[in-house]
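Residue numbering for the sequence shown follows numbering that gives the first Met the number 0, beginning at 0 and increasing consecutively.
Even for Gly, the Cβ is constructed at its ideal location relative to N, Cα and C.
One structure below.
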Amino acid sequence: MEGNIGELGSAIGAGLAAIGSGLAAVGVGNVAANYLAGALRNPSAAASQTATLFIGLAFAEALGIFAFLVALLLLFV
């Protein structure tokens, strides 16, 4: 059995953390879909909710970036 068990654990952990980056894309899609559904129901209120849309998108994307950062740290540190 060659290799280091620490490297194996690091690679498995990085793979699991990388799943979070993919799930962030699902979250961004969910935020955008809910905004669109609400805007189609009440078009007059859609303009006032645009800032909330961008805040939600930023939070969802930030979680994906953090998961990507954790994956890189596990691989290269």
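Check: Run through DSSP, which three-state label would valine 76 get?
Finding: coil
Margin query: Going by DSSP in three states, asparagine 41 sits in which element: helix, strand or coil?
Written below: coil
Next item on the list: Tell me whether glycine 14 is buried or exposed, calling it buried when 16 or more other Cβ atoms sit within 10 Å of its Cβ.
Entry: exposed
Next item on the list: Mark alanine 66 as exposed unless 16 or more other C-beta atoms lie within 10 angstroms of its C-beta, in which case mark it buried.
Entry: buried
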